[in-house]
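Colleague: So the first sequence is numbered by the numbering used here: it starts at 337 and just counts up by one. Below is the structure I would like to discuss, written out as structure tokens.
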Amino acid sequence: MGEKELRRSLSVFPIGTVMKLTDLTARKIRYYEEQGLIHPERNEGNRRMYSLNDVDVLLEIKDYLTEGVNMAGIKRLYELKEHEKADRLKATQHVLTDDDVRRILRSEFQAVGGLDGDNPYQNFDGSHIFR
DNA sequence: TTTCTCACA
DNA sequence: TGTGAGCA
Numbered sequence: 337m338g339e340k341e342l343r344r345s346l347s348v349f350p351i352g353t354v355m356k357l358t359d360l361t362a363r364k365i366r367y368y369e370e371q372g373l374i375h376p377e378r379n380e381g382n383r384r385m386y387s388l389n390d391v392d393v394l395l396e397i398k399d400y401l402t403e404g405v406n407m408a409g410i411k412r413l414y415e416l417k418e419h420e421k422a423d424r425l426k427a428t429q430h431v432l433t434d435d436d437v438r439r440i441l442r443s444e445f446q447a448v449g450g451l452d453g454d455n456p457y458q459n460f461d462g463s464h465i466f467r
């Protein structure tokens with residue numbers, strides 16, 4: 337991990353700052369953590385401390401949500417990325433970048449025909465997004 | 001003053 | 001998801 341990624345992973349701001357930065361409620365931010373989408377650290381007082389990466393993820397989650405992807409779908413995307421990350425440590429293979437993931441998501445949407453109304457992903461059950 | 005966890009007229 | 005209670 338380079339120094340740049342290291343800095344982006346430093347947990348530096350409290351939930352109040354993240355709320356302003358992401359325009360999300362504390363309730364939602366903690367909920368996404370429960371869903372395993374972000375992993376803020378805790379300080380001495382049990383307070384959550386978020387990193388720039390966490391904020392980025394939160395912002396991405398907002399985008400996915402407005403695009404009609406539900407929590408199950410979003411979780412798949414991040415699980416997929418984490419698996420790639422794990423694999424990268426074992427074998428020296430290529431990894432899915434954020435852009436790759438976004439590309440995959442877009443093509444999936446186009447293949448299904450649109451972002452509004454009754455697209456299949458609205459009721460995604462967690463097992464067919466990349467069919 | 002801010003954040004935390006828990007619970008639900 | 002919101003909101004209030006009672007702590008730290």
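Beta carbons: idealized from backbone N, C-alpha and C, even for Gly. From a predicted model like this one, the values you see are computed outputs, not experimental measurements.
Give the C-beta separation of Leu373 and Ile351 to the nearest angstrom, bearing in mind that I take them to be a contact with Cβ-Cβ under 8 Å.
Modeller: Between Ile351 and Leu373 the Cβ distance is about 15 Å, and since that is not below 8 Å, they are no contact.
Colleague: Counting along the chain, where does the alpha helix (DSSP H) carrying Met355 start and finish?
Modeller: Ile351 to Thr358
Colleague: By the 10 Å Cβ neighbour count, where 16 or more other Cβ atoms means buried, how is Leu413 classified, buried or exposed?
Modeller: buried
Colleague: If the criterion is Cβ atoms closer than 8 Å, does the pair Leu395 and Ile365 meet it?
Modeller: no
Colleague: Measure the Cβ-Cβ separation of Tyr386 and Val354 and say whether it is below 8 Å.
Modeller: yes
Colleague: According to DSSP, which residues form a beta bridge with Met385?
Modeller: Bridge pairing for Met385: Pro350 and Glu377 [DSSP].
Colleague: Once the 5 residues before and after Arg378 are set aside, which same chain residues still bring their CB inside 8 Å of it?
Modeller: Arg384 and Met385
Colleague: Quick one: grab the DSSP three-state call for Glu339.
Modeller: In the structure shown, Glu339 sits in a helix (DSSP, three-state: H, G or I).
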